[in-house]
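I have placed the structure first, in the form of structure tokens, so that the comments after it can refer back to it.
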Amino acid sequence: METTLVSQSLDRVEADAVVVLLFEEETAPAELKRFSPWLDELRTSGEFTGKTGELAVQHQPQGLKAKRLAVAGGGKKDKFDPAVLRRAVGTAVRALKQKGVKKLAWWLAGTGDADAEAAVEGAILGNFEPDRHKPSSDAKSLEAFILVAPESARPAFERGKILGEAQNFTRELVNEPANIMTPTLLADRARVMATEVGLEFEMLDESRMRQLGMGSLLGVSQGSAEPPALIIIRYKPGTPAKTKDHLGLVGKGVTFDTGGVSIKPADGMEKMKYDMAGGAAMLGAMRAIAQLKPSIPVTALVPAVENMVGSKAQRPGDIVTSLSGKTIEVLNTDAEGRLILVDAITYAQRLGCTHLVDAATLTGAIVVALGNVNIGVFTNNDALLARVLAAAKAEGEKSWHMPLDDDYKDLLKSAFADLANIGGRWGGAISAAYFLKEFAGDTPWVHLDIAGTAWLDESKPFLAKGPSGVAVRTFTRLALDW
Ligand code: BES
Ligand code: ZN
Ligand code: ZN
11 METTLVSQSL DRVEADAVVV LLFEEETAPA ELKRFSPWLD ELRTSGEFTG KTGELAVQHQ
71 PQGLKAKRLA VAGGGKKDKF DPAVLRRAVG TAVRALKQKG VKKLAWWLAG TGDADAEAAV
131 EGAILGNFEP DRHKPSSDAK SLEAFILVAP ESARPAFERG KILGEAQNFT RELVNEPANI
191 MTPTLLADRA RVMATEVGLE FEMLDESRMR QLGMGSLLGV SQGSAEPPAL IIIRYKPGTP
251 AKTKDHLGLV GKGVTFDTGG VSIKPADGME KMKYDMAGGA AMLGAMRAIA QLKPSIPVTA
311 LVPAVENMVG SKAQRPGDIV TSLSGKTIEV LNTDAEGRLI LVDAITYAQR LGCTHLVDAA
371 TLTGAIVVAL GNVNIGVFTN NDALLARVLA AAKAEGEKSW HMPLDDDYKD LLKSAFADLA
431 NIGGRWGGAI SAAYFLKEFA GDTPWVHLDI AGTAWLDESK PFLAKGPSGV AVRTFTRLAL
491 DW
């Protein structure tokens with residue numbers, strides 16, 4: 011989709027449809043005065059009252075060059091923020107593209123930069139369809155999105171475009187089925203992306219990982235015929251960094267999670283192709299970071315493996331030695347995310363990362379706790395937590411701080427190794443996070459459990475069913491605001 015910014019009056023905008031946001035109980039703005047009878051009729055009939063999600067369309071609007079004029083509900087004016095706008099634009103895009111609109115303009119009346127950014131994001135995200143492998147799909151797409159806004163909004167507009175496209179890049183990766191998206195292909199896609207945007211790419215293969223002693227990661231991958239990969243992508247600021255800080259982004263890249271020998275039930279197992287959504291989010295964030303050029307060095311590490319049940323698969327009771335030297339008793343082979351992440355965390359520390367953030371579809375328990383709305387956030391450092399939560403809030407990615415007291419430590423006791431890889435039935439998202447914390451040590455670290463938020467089981471008016479690309483914008487913003 012082509013995305014452009016123009017500064018024009020409403021009547022001169024050329025498009026298949028031009029959309030204007032209207033709040034509840036708002037009288038028509040000056041530009042829409044001549045449409046007052048229509049708007050009054052919409053309100054009195056109850057067809058359009060300005061509530062979020064509403065949309066009303068008029069063909070051949072008098073005096074406009076656009077073929078259609080649409081009004082979109084903005085909800086209550088005092089509840090309005092960029093997140094509301096992002097959804098309103100996405101909703102209009104999804105509704106109107108299905109009606110055959112190819113070129114859609116959004117009229118943004120002189121509002122702030124955050125709105126321009128969110129509007130473009132909403133359009134790009136709303137236009138995404140997970141139908142690459144469905145030739146019979148009847149989902150339609152926009153060809154062009156035009157943001158009608160003051161010229162001063164251009165930098166924000168460009169930022170929104172980069173962020174939206176990076177998030178869709180992540181969604182494309184997550185959407186691929188696991189027979190296609192193997193660890194090797196994920197690494198290839200990462201390499202191509204890194205080359206395109208000018209980032210350093212490196213991949214550690216199985217023999218290198220064995221040499222280094224990543225026994226925890228390799229234990230997970232040994233049951234699969236697909237070789238593992240540790241993807242490493244580096245961003246360095248152009249001018250010498252003003253900070254000694256070095257941000258490490260670690261993402262879970264399990265391209266398919268059968269559970270291993272502790273196998274998962276068949277029902278719903280197909281969804282486990284999204285178990286690499288944390289890794290894909292880091293790749294999307296790096297793509298945006300390369301283009302937006304924050305002033306802090308950032309290194310992404312994505313351990314990519316397939317958790318399978320081959321004859322060489324690890325067994326419950328196996329004891330592995332992690333890169334850190336800590337031994338782990340694998341009581342459940344389905345708790346594999348933490349096993350691959352800890353070796354990547356230790357390696358990130360060796361690469362000099364001073365601050366670590368990880369994202370992982372880590373536990374079913376976080377879905378029980380927070381549903382599909384909030385990301386679960388865990389930390390060993392309140393200052394870094396504050397930065398991550400501020401970034402998430404600014405980007406409209408709902409996040410909730412979960413506890414991680416030392417009282418949870420006992421859950422991970424093993425009689426035969428330093429740690430067990432599971433902590434029993436209760437507080438499952440917390441014991442998983444605590445396991446990671448044991449390896450983060452003194453390094454400031456924040457963990458995002460995105461198991462409930464990285465995949466939509468049903469489409470929303472503003473977003474298709476399938477991969478959400480959650481956390482890409484949060485991580486990019488975190489680096490930009492450092
Ligand atoms: N990938 C799963 C977590 C998951 C579950 C993600 C549901 C998305 C939706 C993870 O590897 C896993 O299987 N975790 C286990 C841990 C348990 C064995 C302690 C879980 O959550 O059941
Ligand atoms: Zn698992
Ligand atoms: Zn998993």
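In the working numbering, each residue's number is its place in the sequence shown (first place is 1) plus 10. Ideal placement from N, C-alpha and C gives every residue a C-beta, glycine not left out. Small disclaimer: the values here were computed from a predicted structure and weren't measured.
Original post:
With 16 as the cutoff for other CB atoms within 10 Å, does Trp465 come out buried or exposed?
Top reply: Taking the sequence shown and counting its residues from 1, one reaches residue 465 at position 455. A residue is called buried once 16 or more other Cβ atoms fall within 10 Å of its Cβ, and Trp465 is buried on that count.
Original post:
How many Å lie between Arg218 and Pro193 at the Cα?
Top reply: Looking up residue 218 in the sequence shown gives position 208. Looking up residue 193 in the sequence shown gives position 183. When only Cα atoms are considered, Arg218 and Pro193 end up about 15 Å apart.
Original post:
Which one of Thr265, Thr249, Asp267 and Glu212 has the shortest CA to CA distance from Leu240?
Top reply: As a position in the sequence shown, residue 240 is number 230, starting the count at 1. Looking from the CA of Leu240, the closest CA among Thr265, Thr249, Asp267 and Glu212 belongs to Glu212.
Original post:
Say the cut is 7 Å; is the CB of Gly122 nearer than that to a heavy atom of ligand 3?
Top reply: Locating residue 122 in the sequence shown gives position 112, counting from the first residue. Gly122: no, Cβ never under 7 Å from ligand 3.
Original post:
What do you get for Trp463, buried or exposed, if any count of 16 or more other CB atoms within 10 angstroms of its CB means buried?
Top reply: Translated into the one-based positions of the sequence shown, residue 463 becomes position 453. Correcting the residue identity first, residue 463 is Thr in this sequence and not Trp. Counting Cβ neighbours within 10 Å, Thr463 comes out buried, since at least 16 surround it.
Original post:
Fully enclosed by the region 20-71, which alpha helix (DSSP H) runs are 4 residues long or longer?
Top reply: Qualifying alpha helix (DSSP H) stretches, in chain order: 46-55.
Original post:
Cα-Cα, which of Leu293, Ala310 and Lys447 is closest to His256?
Top reply: Within the sequence shown, numbered from 1, the residue matching residue 256 stands at position 246. Nearest C-alpha to His256: Ala310.
Subject >> Nearest to Phe138 (by Cα), restricted to the options Val352, Phe472, Gln18 and Ala489 >> reply: As a working note, residue 138 is residue 128 in the sequence shown. The alpha carbon of Phe138 has as its nearest neighbour, out of Val352, Phe472, Gln18 and Ala489, the alpha carbon of Phe472.
**OP:** Go through its chain and collect everything with a Cβ distance to Lys150's Cβ below 6 Å, but skip five positions before and after it.
**Re:** Your numbering for residue 150 matches position 140 in the sequence shown. If we look at Lys150 and ignore the five residues flanking it on each side, its Cβ neighbours are Lys107 and Gln108.
Original post:
So which of Phe58, Glu182 and Ala129 has the shortest CA-CA distance to Val476?
Top reply: As a working mapping, residue 476 is identified with position 466 in the sequence shown. According to the sequence as given, residue 476 is Gly; it is not Val. If you compare the alpha carbons of Phe58, Glu182 and Ala129 with that of Gly476, the shortest gap goes to Glu182.
**OP:** Inspect the beta-carbon positions of Thr486 and Ile299 and report whether they are closer than 8 Å.
**Re:** Stepping through the sequence shown from its first residue, residue 486 is reached at position 476. Stepping through the sequence shown from its first residue, residue 299 is reached at position 289. Taking the C-beta atoms as reference points, Ile299 is found nearer than 8 Å to Thr486.
Subject >> Beta-carbon proximity list for Pro165, same chain, < 8 Å, skipping 5 on both sides >> reply: Counting from one through the sequence shown, the residue named residue 165 turns up at place 155. Excluding sequence neighbours, Pro165 sits near Asp123.
Original post:
Any heavy atom of ligand 1 within a distance shorter than 7 Å of the CB on Met412?
Top reply: Here residue 412 refers to the residue found at position 402 when the sequence shown is read from its first residue. No - ligand 1 has no heavy atom lying nearer than 7 Å to the Cβ of Met412.
Original post:
Three-state secondary structure (DSSP) at Asp416?
Top reply: As a position in the sequence shown, residue 416 is number 406, starting the count at 1. Asp416: helix per DSSP, three-state reduction.
Original post:
Pro326 and Asp353: beta carbons closer than 8 Å?
Top reply: Residue 326 sits at position 316 when you count from the first residue of the sequence shown. Residue 353 sits at position 343 when you count from the first residue of the sequence shown. No; because the gap between Cβ atoms is not below 8 Å, this pair is not in contact.
Original post:
Three-state secondary structure (DSSP) at Thr253?
Top reply: Here the question's residue 253 lines up with position 243 in the sequence shown. Under the three-state reduction of DSSP, Thr253 is assigned to coil, being neither helix nor strand.
**OP:** Specify the secondary structure class of Arg218 as computed by DSSP and reduced to three states.
**Re:** On the sequence shown, residue 218 is found 208 positions in, with the first residue counted as 1. Under the three-state reduction of DSSP, Arg218 is assigned to helix.
Original post:
CA-CA distance, Glu161 and Ala287?
Top reply: For the purposes of this step, residue 161 is taken as residue 151 along the sequence shown, with counting starting at 1. For the purposes of this step, residue 287 is taken as residue 277 along the sequence shown, with counting starting at 1. Going by the C-alpha atoms only, they are around 36 Å apart.
**OP:** Determine the extent of the beta strand (DSSP E) in which Asp368 is found, giving its start and end residues.
**Re:** Your numbering for residue 368 matches position 358 in the sequence shown. Asp368 -> beta strand (DSSP E) spans His365 to Ala370.
Subject >> Cβ separation of Gly132 and Arg96, assumed to be a contact under 8 Å, to the nearest whole Å >> reply: Counting from 1 along the sequence shown, the entry for residue 132 is found at position 122. Counting from 1 along the sequence shown, the entry for residue 96 is found at position 86. Between Gly132 and Arg96 a beta carbon distance of about 4 Å is seen, short of the 8 Å cut, so the two are scored as contacting.
Subject >> Span of the beta strand (DSSP E), counted from its first residue to its last, around Glu131 >> reply: Here residue 131 is taken as the residue at index 121 of the sequence shown, counted from 1. DSSP places Glu131 in no beta strand (DSSP E) but in the uninterrupted alpha helix (DSSP H) bounded by Asp123 to Gly136.
Subject >> Environment of Leu227 [buried if 16+ CB atoms lie within 10 Å] >> reply: If you number the sequence shown from 1, residue 227 lands on position 217. That one is buried.
**OP:** State the Cα-Cα distance for the pair Pro187 and Ala291, rounded to the nearest angstrom.
**Re:** Numbered from its first residue, the sequence shown carries residue 187 at position 177. Numbered from its first residue, the sequence shown carries residue 291 at position 281. Across the structure, Pro187 and Ala291 are spaced so that their CA atoms are roughly 17 Å apart.
Original post:
Helix, strand or coil: how does DSSP classify Pro193 here?
Top reply: Reading the sequence shown from its first residue, position 183 is the one you call residue 193. Correct three-state label for Pro193: helix.
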